[in-house]
Amino acid sequence: MNICIVGTGYVGLVTAACFAEMGNDVCCIDIDSVIIDKLKSGKIHIYEPGLEQLVKRNIEQGRLTFSTNLTDGIEDALFILNCVGTPSKPDGSCDLSYVYQVASQIGRTLNEYKIIINKSTVPVGTADQVQKIIQEEIEKRGINIEFDVVSNPEFLKEGDAINDFMKPDRVILGTDNIRTSKLMETLYAPFARSREKMIVMSIKSAELTKYAANCMLATKISFMNEIANICEHVGADVSDVRIGIGSDHRIGYHFIYPGVGYGGSCFPKDVKALINTTQENGYEPKLITAVDEVNTRQKKVLADKIKDYFSGKNGVKNKTLALWGLSFKANTDDIRESASLEIITELTSKGMQIRAFDPVAGENAKKALADNSLVKILKNQYEVLESADALAVVTDWNQFRNPDFKRIKKGLTAPVIFDGRNLYSPSFVADQGFAYFSIGRPPVNN
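Residue numbers (our numbering): 110 to 555.
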């Protein structure tokens, strides 16, 4: 099949590469000529395990092409996937300007029947507006062209996006057109060989399903962080509580790890957008609002622990913190809404110096923190320990899970670890001679 994908961001590029891998001819469109030129050479501008190899292979085999010209992309394509960004506005609502710009361009260039697929995460009612915009542009041209607009939200996890696309749990399709749903089933057939995975529903239900899914997962994270904070106040251990509740199959173990809050490009944005959409429709979403508030508070927890520890040592001013992990989670270079940035901002505002390391997000963090003279980002996880007064672990990269504790102890001026991901056993760390502070578990003071 011939497919046009508009937008070469995270969703667009992964979607393009995976469809091309299944034998489709895919043309990827972006207005940024620098990015397009880079992609044509087989180099990608985002970090996602396995993606660059997938892109390069499909370019070499002629199935994946890139252009800045939308007309070139849609001319032979039956499917046009709108994958442009939908960032948050200051009030938390979703900025749909890019989505609507693409819709206008499609309406001005459409030459025959096409299926326009909203792949970006968009509020309920967006597909109706896209339909209206395209139809108005066609009417301005004085012609009549049939087209369909469907909702087909993405469910990709950063760090495991290719696997998520190739082996989806489900494919959500919002349409009321039987012909369109059959064509979409054909498009996705290679990804659903073991069982039927396409779930067809109304467009508005499909749009809301994406938000409901992300808000449900965010709720589990905030709930577990709330329980962790309660554990600290009553003297319980959240690790035991987690096992106790996770063994209930109705709850399960997924997304109930306590930590420093959720971040990235999806959960924070989608939670705020659903709150905004709901309020605009006359309903106050108290639970989802609480999820957002708990997460905002949780991002400050580790910084508060660090400030409390040093309060009896003349405060954090002029102290140095070694920090491991800058991305919002492991296996990505995405630092958007990262807890590390919140922690760094808070501690440096009090005069603390930061020496940080991340396996892949260092360069992005350097740009984001370029104006902060108290921050140094280095290229070796043990180098940041030199002359630091404590170590904070904020992202759960594999290489942080079983480090050389003797080397950590040798590098620090004092053996102190603040663990925002509960990666280490308190008893083991205590045996190594460290003071240890984690989330929802009793502290170890040596």
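Even for Gly, the Cβ is constructed at its ideal location relative to N, Cα and C.
Item                                                                                                            : Value
Cα-Cα separation between Asp-273 and Glu-263, rounded to whole angstroms                                        : 10 angstroms
Cβ neighbours of Gly-118 in the same chain (closer than 8 angstroms, five flanking residues each side left out) : Ile-155, Cys-192, Val-193, Gly-194
Range covered by the beta strand (DSSP E) that runs through Asp-528                                             : 525-528
Every unbroken beta strand (DSSP E) within the region 230-278, with a cutoff of 3 residues, ordered by chain    : 256-260
Neighbourhood of Pro-299 by C-beta, 8 angstroms cutoff - its chain only, sequence neighbours within 5 removed   : Met-131, Gly-132
Nearest to Thr-104 (by Cα), restricted to the options Ala-431, Ser-206, Pro-277                                 : The requested residue 104 does not occur in the structure, where the chain is confined to residues 110 to 555.
Under 8 angstroms between C-beta atoms of Gly-355 and Ile-365                                                   : yes
Whether Tyr-362 touches Asn-404 by CB criterion (8 angstroms)                                                   : no
Thr-441 beta carbon less than 8 angstroms from that of Arg-464                                                  : no
Whether Thr-124 touches Ile-138 by CB criterion (8 angstroms)                                                   : no
Identity of the residues DSSP links to Trp-506 by a beta bridge                                                 : Looking at the DSSP assignment, Trp-506 forms no beta bridge with any residue, so it has no partner.
Residues bridged to Thr-429 [DSSP beta-bridge criterion]                                                        : Gln-462
Through-space distance from Asp-413 to Ser-449, alpha-carbon basis                                              : 13 angstroms
Inter-residue Cα distance where the pair is Pro-512 and Pro-524                                                 : 14 angstroms
With 16 other Cβ atoms within 10 Å as the buried cut-off, status of Gln-462                                     : buried
Inter-stretch contact at 8 angstroms, needing at least 3 Cβ pairs: the region 167-185 / the region 134-153      : yes
For Phe-188, three-class secondary structure by DSSP                                                            : strand
Nearest-angstrom Cα separation, counted from Thr-235 out to Ile-242                                             : 11 angstroms
Range covered by the alpha helix (DSSP H) that runs through Tyr-207                                             : 206-218
Candidates Ser-420, Ala-399, Ile-517, Gly-171: closest to Val-493 by CA position                                : Ile-517
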